[in-house]
Structures are given as C-alpha cells and as structure tokens.
DNA sequence: GCCTATCGTATGATCGTTCCAATAAAAATT
DNA sequence: AATTTTTATTGGAACGATCATACGATAGGC
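Protein chains in written order, with this note's numbering: chain A, 389 to 715; chain B, 389 to 715.
Take a look at the structure:
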C-alpha cells in the first residue's frame, strides 16, 4: 500500500524510541551502534518503509553523488557509437560506485561552457566528465580555473600531459598492430587512408601506421570522413596495386571496401577503426576501442581505486590499448 | 578569481540591505518586486557572483527538476541506435524545459525494478521515462501502483491503451507505406521478412505489410534479428522470384541485401526499418523512426504543452508516424 | 479625515538530513 | 574505591533555499 507521505528519520526515531542521530548512524555507520539498538531501529525502518531522502542528505553533506557527462548530438554517421558505448559503460560503473550520471546536451562550445558553469555554480554535480578533448581545450581550462573536479576521455593534446586527469585510447598502438598484422599476412605495400590535416587523433593513428611501416613505403591518402568519400578516394588508388589498407575510421574502411569490391578485388584486406556495427555486418576487420575500460579508468581518476566518493586526485593520464578485431 | 566559498542568498540580502525573501523574489518572480529594489538586488547578485544552490532549492520545493531514463546495455547489433537517438533528443528537449536527465543502467528486469524503487523512494526524480514496453509490463504496473509520474516510449501492449501516458512509433504505418511504395514501383510480389513469433512491435510491423498487400500474396518469412540470419533466410527465398522485400529491421535488410547481391540481383528493392547508419552506408531504403518527436511527445505527456514542471496528466497515448527514406 | 484595499517587504518556520559537541553509561586503569 | 578512558547515545545547530504569514506604507473610496 502506498503511503500518503514518506516516513522521515524523525518518524523512525520516534517509533524505535531513539534519537534521530542514532537512526542516522544505523543507516550510515551501523558498526558504531550497539547491536540491540541497531536491531530495534532496523525493525522500525522496516515497519515504516523508511528510505532516506536523497535531497536532504545532499544538502547536508554538500555531496550530490552525481557526475555529469555530455551527450553529443546524434551525428548520423557510422561512427559516434563509441561515445554512446562510453556513456553506457560509465553509467554502469558509476552505479557500482554509488554515483549517478546526469546528462547535458550542447550543440556549440559556448553552450557547453554555459552548461558547465551552471552545473558547477548550482552545486549540482560532484564532478564532470569531458569527452573529445581538443588542443587548448577551453572547457578543461575553465574547469581547472574554477576548481571543479573533472576527468577527460581524451588527452590534453599539446599541453602538459599532466594538466588534468585523463584517459584515452592509444590510437597509434591500434593502427600499429593493424599495420603489423597486414604486413605479416598480405605483403609490404600497406596503404593508409586518413583524415585531412588537423585532427589530433587522426595524426595519432597515422603515426602508428608510419611506425609499423618503418622503411617500407606505400601510398598515404586522405578523405573527409564518410563512406562515399572513402570509396572515391580508394577508387583512384587501386591501380597502384597495394597489398592492404589501414583506415582511420570504419566509415572510410567501408567506402574502401565497396571500392575494392567494385574494382574486382573483394579480397583486399582492409582494417577500419572503432569496430562499429556496420563494419561487423560487412565482415571488415577493425580496431576496437574499449570504452568500458576508459569508463573504469575515468572513475578511478575521480574517486581513487576503491572509494565511493569523489576526492581530489593528482592529475595523471592513462592510455588504453585498443584491440584488433580480425574478420 | 574563484571564491573560497559560494555566496548564499543571505549574503546577497545583507549586501543589498533587504531580506532573504526579497532576493528570492527577484530571482523567482521579479515582476512582484519594485524596480528600484530589484536593481539594487541584481547589483548585489552580480557583485557577489551569486547563484542559487540547487540542492537547497530542491529540498525546500520537493521538486528535483530531474527525470530518469534507462540506458540499455550496448547491444552490439546494427539496431539499438534508435534508443540512443531518443535519449539524445530527450536530453535536449528536457533542457529546453528546465529539466535534467538522469541515467540508470540495468541488465535485468529485477535490477531495473530495484532502481526504479530507489529513485522513487529517495525522491531523486520527478518522473521516469520507460522505454521498450512489453505486454503486462511490470515496471509500468509498479510505477502506477506507487503513484510515480511516468510516461513510456512504447504502448501498453494488450491492456487498456489509456493505462498510462505513452508515445510510440506507428510501426504498421511505416511498413504500410514501405509496402505501398514497392507495390507502386516494383510489382505485386512484395515479400516480408519478420521476426519470429512473440514480438509485439514485430507483429505490428507485419500488420502494416498485410494491410498494404490486401488480396495480393507473397512469401512471408522470419528470422532472428541479425545480418547473417537475414542473409540465410533470403538465400532460400530468391528463386521464388519476388519483386521487392520489406524487412522488420535494418539488420535483416542488410542480410537480405547481401543475399540479393550474391544471387545476382543487386537491384532488388529492399526496405529496412530504423534507418541506421549501416543501412545508409549501403544505400538501403529504410523506415525512419522519429525519436525526436517521441521525446517531445513524452515531455508533453509529463509537463503539459507549455509548462516547465512535471504535473499530473491524464493518461493518453500518441502514435508518431514514421518516415520512409528512399535510397 | 477615517476606513479599507493593495502593494512591497520582512520574519520565522520548514524541508529532512548529518555535523558537532555534550552527556550518560560502561569499562579499564590505578 | 576513585579516577580515567572508552563507548553509546543525545539534543541542538546547520546546510540554503522557499513557504506562509504578518506587517508597514501607500493609495483609494466615501
């Protein structure tokens, strides 16, 4: 039967014949309460169906047990799924640590900065999780300046790597292992299809390919992210006779795959990046980021290895090695 | 410069030489305050960088301005993106209405029920948004019983359609228009590839095909959701010589497309459902759900057409007509 | 000039919890 | 047995806002 009004800690105290504080102790640190008292109080809690009011508790403790994360507007492309997986994982890991995840949406940087300010000013969250850091990230700078605890999925590109806590995928390691795998299996001429100049993670991934190639040479081309763009770019390349192709994204890999099929080379080994459902459906190999491990890492940055509340951590970074999925 | 401690309403009152209540009025209902006083108070607010504390306000008003929504575990398939898009859209629309969105994760029904109880007991949210309703949904029943305001993305299948507020995609309308389109364009024998018995939305979508077909006949087959499954199912069918194919999901449509290509009929018109990135990448037509409209509808159910707080609404449903994307 | 409305502002209580300091009771030490 | 230490519990204050009500000032009606 639903009660008209929820029982408060005072009701329980009266029912059990103890003080409010004792009830509070039974709930929050049972070990310091004498067993007989504890049982009495627990019975009262059961009887009244008492459950502590989260709002009152938060006001008193000045802790919300909530972290905020931005949900990017749906991009509509093949990629973008990685961030969703990350948010999924973050929510699960956070729940296991007694934290809730609050979403905020923003279409522009200005809007996002405004949201961050609001969340911090109103004391709505204990910490913030940033995603997709860029060179000279203004959000990170703002949060640092205001002293809001945060950690980022993404490196502080270009600045001190210990500017703030962060976890990132080691893109170079991913393309390196992809390239090595193709070198082993297909031949020496392993080409690379990247994004145009200007993307930090793009050049990180390209670096992995270069490092694995060493002295060998093979074409390196670029295209804006997208299936059609990848197809177009590779169409021109194929006559060159390459042995394999490493792509900076699944969208480009899919385009490359379609071009290869059209050119009568369906067996050309191609590796994408992100291991999206589309690549899986087409049987294209891909480098899989591990957003679950990133999420766990982020929480560890914020709360320490064990704790269940946000505490100040010294800034440090963690690189997660991605996994090559061969199809 | 970051202050050591945030200013409170009392600080502002003292600075402006008025009472706390007057400051509160300036913030919440400026119109009832005399202009001269208002300016004075606003100046003080500026000077101190005051921002109302959300926790205190929530405790006092007993309103959290927060709604909860479940984030499903990453399924890994082609589909599943629709729900992500919905959550995106919900977050944006909610922000526009002054609401925050809190996530919860659950792997099982029991776990979800527990989370719902916790959220309600602790008074953490003003309302809950359910997704993926089923026949005799226990979550809906529980929330109704406890008097927690909620609305669902999904119909109350099988029971009274006004059991609770809901918004859903009109799946039958989607497949109906897809089927009609193929009938116009390709011929009379438009087959249907559905899921095995037992899915409510699956049979809803099949109904749309049946209605559009009328007296005409064409094969109807089923497969578990998945690219490989779809490919397998269609491989056996093609000899029958069909003119087109409507599928209950993009995953099946992609499988069907691959089978058609292999069988030398790449031009076979196929329509999927959900308009996922994978379908787009392969140039497969699809029925697009409109999660943005569902999100807006859900909020209207909870808050009325205009309001910015959750109010009791009479239970009613809304069917959103999906859109056929032709490629 | 008096009485009543209206408006703007102030005061104290309250939301439900935890913190803090104090106290009573029990146990350990001398 | 007196004293100190430890343990268990208590009562009041505080977190920071809004609610309900009361009050003074100004304006309006006759």
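Beta carbons are placed, not taken as given, at the ideal position from N, Cα and C, and that holds for glycine.
Source: prediction; values computed, not measured.
Bridge partner(s) assigned by DSSP for residue i
i	result
residue 705 of chain A	A/554
residue 438 of chain A	Note: residue 438 of chain A sits in no beta bridge, so no partner.
residue 490 of chain A	A/456 and B/490
residue 618 of chain B	Bridge partners of residue 618 of chain B: none, in fact.
residue 646 of chain A	According to DSSP, residue 646 of chain A bridges with nothing at all.
residue 546 of chain A	Paired residue(s): none; residue 546 of chain A is not in a bridge.
residue 541 of chain B	B/519 and B/555
residue 712 of chain A	A/675
residue 579 of chain A	A/633
Proximity below 8 Å, CB of residue i to CB of residue j
i	j	result
residue 570 of chain A	residue 609 of chain A	no
residue 477 of chain B	residue 683 of chain B	yes
residue 595 of chain A	residue 560 of chain A	yes
residue 473 of chain A	residue 501 of chain A	no
residue 447 of chain B	residue 490 of chain A	no
residue 606 of chain B	residue 579 of chain B	yes
residue 593 of chain B	residue 661 of chain B	yes
residue 509 of chain B	residue 451 of chain B	no
residue 619 of chain A	residue 652 of chain A	no
residue 544 of chain A	residue 690 of chain A	no
residue 425 of chain B	residue 459 of chain A	no
residue 404 of chain B	residue 411 of chain B	yes
Helix, strand or coil at residue i [DSSP, three-state]
i	result
residue 495 of chain A	coil
residue 595 of chain B	helix
residue 399 of chain B	helix
residue 674 of chain A	strand
residue 652 of chain B	coil
residue 414 of chain B	helix
residue 658 of chain B	strand
residue 348 of chain B	Missing from the structure shown is residue 348 of chain B; chain B here goes from 389 to 715 and no further.
residue 610 of chain A	strand
residue 425 of chain A	helix
residue 564 of chain A	helix
residue 574 of chain B	coil
residue 627 of chain B	helix
residue 602 of chain B	coil
residue 590 of chain A	helix
residue 533 of chain B	helix
residue 449 of chain A	helix
residue 694 of chain A	coil
residue 485 of chain A	coil
residue 475 of chain A	helix
residue 404 of chain A	helix
residue 667 of chain A	helix
residue 638 of chain A	helix
residue 700 of chain B	coil
residue 512 of chain B	coil
residue 680 of chain A	helix
residue 525 of chain B	coil
residue 500 of chain A	helix
Item to check | Cβ pair count under 8 Å reaching 3, the stretch 505-524 of chain A against the stretch 669-680 of chain A | outcome: no
Next on the checklist: To be precise: take each residue of the stretch 506-520 of chain B, compare its Cβ to all Cβ atoms of chain A, and keep it if any distance is under 7 Å. Which residues remain?
Outcome noted: 509, 510, 511 and 512
Item to check | the stretch 687-695 of chain A / the stretch 604-618 of chain A touching (three or more Cβ pairs under 8 Å) | outcome: no
Checklist entry - Between the stretch 703-714 of chain B and the stretch 555-563 of chain B, do at least 3 Cβ pairs fall closer than 8 Å? => result yes
Checklist entry - Going along the stretch 485-503 of chain A in order, which residues come within less than 9 Å of chain B, judged by CB to CB distance? => result 488, 489, 490, 491, 492, 493, 494, 495 and 503
Item to check | the stretch 560-578 of chain A touching the stretch 597-607 of chain A, judged by at least three CB pairs closer than 8 Å | outcome: yes
Item to check | Members of the stretch 640-671 of chain A that neighbour chain B once the beta carbon cut-off is set at 7 Å | outcome: Cβ contacts with chain B come from 642, 665, 666 and 669.
Next on the checklist: I'd like to know if the stretch 520-539 of chain B and the stretch 472-491 of chain B are in contact, where contact means that at least 3 CB-CB pairs between them fall below 8 Å.
Outcome noted: no
Next on the checklist: Taking 8 Å as the cut-off, does the stretch 530-541 of chain A touch the stretch 494-511 of chain A (at least 3 CB pairs, one atom from each stretch)?
Outcome noted: Segments in contact, yes.
Next on the checklist: Beta carbons nearer than 8 Å to chain B: which residues of the stretch 440-454 of chain A have them?
Outcome noted: 440, 441, 442, 443, 444, 446, 447, 450, 452 and 454
Item to check | Contact set between the stretch 683-703 of chain B and chain A, restricted to residues whose Cβ is under 7 Å from the partner | outcome: none
Checklist entry - Using Cβ-Cβ distances below 8 Å, what residues of the stretch 605-625 of chain A are close to chain B? => result 615
Checklist entry - Any residues in the stretch 541-568 of chain B with a beta carbon nearer than 8 Å to a beta carbon of chain A? Which ones, in chain order? => result none
Checklist entry - Taking contact to mean at least 3 C-beta pairs separated by less than 8 Å, is the stretch 398-408 of chain A in contact with the stretch 427-436 of chain A? => result yes
Next on the checklist: What are the residues in the stretch 470-482 of chain A lying within 8 Å of chain B by C-beta distance?
Outcome noted: Residues passing the 8 Å Cβ filter: 472, 473, 475, 476, 477, 479 and 480.
Checklist entry - How do the stretch 413-420 of chain A and the stretch 414-421 of chain B stand: do at least 3 beta-carbon pairs fall below 8 Å, yes or no? => result no
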